[in-house]
Amino acid sequence: MDRRGRKQSGQVLLIGTLVGTMLFAMVGLALDTGFLYYQKRKIQSAADAAAIAAILELNTGVAANFVQAGREDAKLNGFEHGVDNVTTTLNRPPTGGPHAGDSQYVEAVVTKNVKTYFLSLLSLGSMTVAAKAEARMGAGTSCVYLLDPAAEDQFRVAGNYSATCGLMANSNSPKALDLNSGTATATRFATNGQYVGAFNPIPATNQPRVADPLASLQPPTFPAANYYGVNVTNSTPLNPGVYHGGIRVAQGVQAFFNPGIYVLNGGGLTTSGGPNAFLTGIGVSFYFTARQPVPTPPPGFNVASANTPGRFLLNGEGGFDLRAPTSGEMAGILFFQDRNPANQAGPYDIQGTNTTRIEGVVYVPASDFLFQNHTGNTANYTIIVSRTLRLDGGAANLTIRNDYSSLANGSPIRATPVLTR
């Protein structure tokens, strides 16, 4: 072969080597890129799981453990914090993005130094892959659910309202939320309609309606004991049972309810007030119904009273201390209205000028709830599900908290966590 031929052969070899190297590099880059993308998807799944676990722990478990809960679920998805170059960080509130500073959201960030193979030849022995997720609870983070689809003044405040949780009003009225006077503060106000007044924070409007969050709640097992037309005139404790014709507490009487379930078959629960009137019941649940059979009524009992829908009308200048059971079939349920239309009555009304503790769920989905108490509510938690909620009386004060630590299974309302980013 002459010199020219040898030169051309060398050029072909050089070009072939360069092309081969480039192809090798391209294949290597493609393989490493594909592997990094695969890792990114896995890390994103771990971040999603961590955010969901953390927000659930905050709302239905032990809030202080939300970081631990998030890291545990990331571990279950193959990424353990502090192991194999993995870091899992939980932030509440998020540190960036559209929800930065909003404590309703949790942010999970999972990072991992991923070893490369072909890219290591280019001094890229590893690359950091990160994924971020945010989550919040769905409608279940609210403590107040107002279900009427069109009521004006569905939530009306003439006094002061303060809550450590949210309120959802389903009404599409231009005045679904009406701050007539006083103040209204919560973590969130939302409505399908509009609002009037200086709410704090500004309500979210035109929001999708929510379904009855306790629609699956079953009526309690009725106690065996039957009572007829009970009028309470002294401090003798009452016992669980079916109270045909309801319970009426005379003026100025301090009434005591032993723990258990009280079925008000017609007539409801009413008090007549007075400066010394006080209702006490720890571990109690009241179910309001009518038209239940009346077994062996005593002489003189008006059976029709058991067919008249009842409600609660609590007027106590002394006050109330009523708390739902912490366990059992009615855990967390204080007042429960029969959903049958024939059993609807209202408004359900709480009045008074002294200490009030209404701890549990007030579930009256077909009736209005009127709160006219002047001293607020000292309960650790209160949930209201009703058609409307109105604070009236000129100086009504209602405080609602959402500390469910006394309940083994957390809030009676099971919210659904939602990924937002």
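Going by the working numbering, the sequence shown opens with residue 18, and the numbers climb by one from there.
Beta carbons: idealized from backbone N, C-alpha and C, even for Gly.
- Inclusion of residue 71 and residue 125 in the CB contact set at 8 Å is warranted, their separation being smaller than that value.
- Residues 196, 201, 206 of the same chain have their beta carbon placed closer than 6 Å to that of residue 216, with the five preceding and five following residues left out of the count.
- When the five nearest sequence neighbours on each side are left out, the beta carbons in the same chain lying within less than 6 Å of the beta carbon of residue 272 are those of 249, 266, 296, in order along the chain.
- For the pair residue 64 and residue 103, the CB atoms are not nearer than the 8 Å cut-off.
- The region 179-187 makes no contact with the region 96-111, as fewer than three CB pairs between them are under 8 Å.
- Rounded to the nearest angstrom, the gap between the Cα atoms of residue 377 and residue 130 is 48 Å.
- Collapsing the DSSP output to three states places residue 397 in coil.
- Looking at the DSSP output, residue 159 sits in a beta bridge with 183.
- Secondary structure at residue 431: coil, using DSSP grouped into helix, strand and coil.
- With fewer than 16 other CB atoms across the displayed protein chains lying within 10 angstroms of its CB, residue 93 is exposed.
- Annotated three-state conformation of residue 85 is helix, per DSSP.
- Collapsing the DSSP output to three states places residue 409 in a strand.
- In the DSSP assignment, residue 288 falls within the beta strand (DSSP E) that extends over 286-288.
- As DSSP reads the structure, residue 154 sits in a beta bridge with 434.
- When beta bridges are read from the DSSP output, residue 271 appears opposite 295.
- Ranked by how close their Cα comes to the Cα of residue 305, the residues 354, 119, 338, 118 have 354 in first place.
- The alpha-carbon separation between residue 294 and residue 117 amounts to approximately 49 Å.
- If you check the CB distance, residue 282 and residue 336 do not come in under 8 Å.
- Here DSSP, grouped into helix, strand and coil, assigns residue 92 to helix.
- Cβ contact annotation for residue 83 (same chain, cutoff 6 Å, sequence separation greater than five): 71, 74, 75, in chain order.
- The beta carbon of residue 299 sits closer than 7 Å to the beta carbons of 276, 340 from its chain, once the five residues preceding and following it are set aside; these are given in chain order.
- Per DSSP, reduced to three states, the secondary structure at residue 65 is helical.
- Rounded to whole angstroms, the separation of the alpha carbons of residue 402 and residue 227 is 11 Å.
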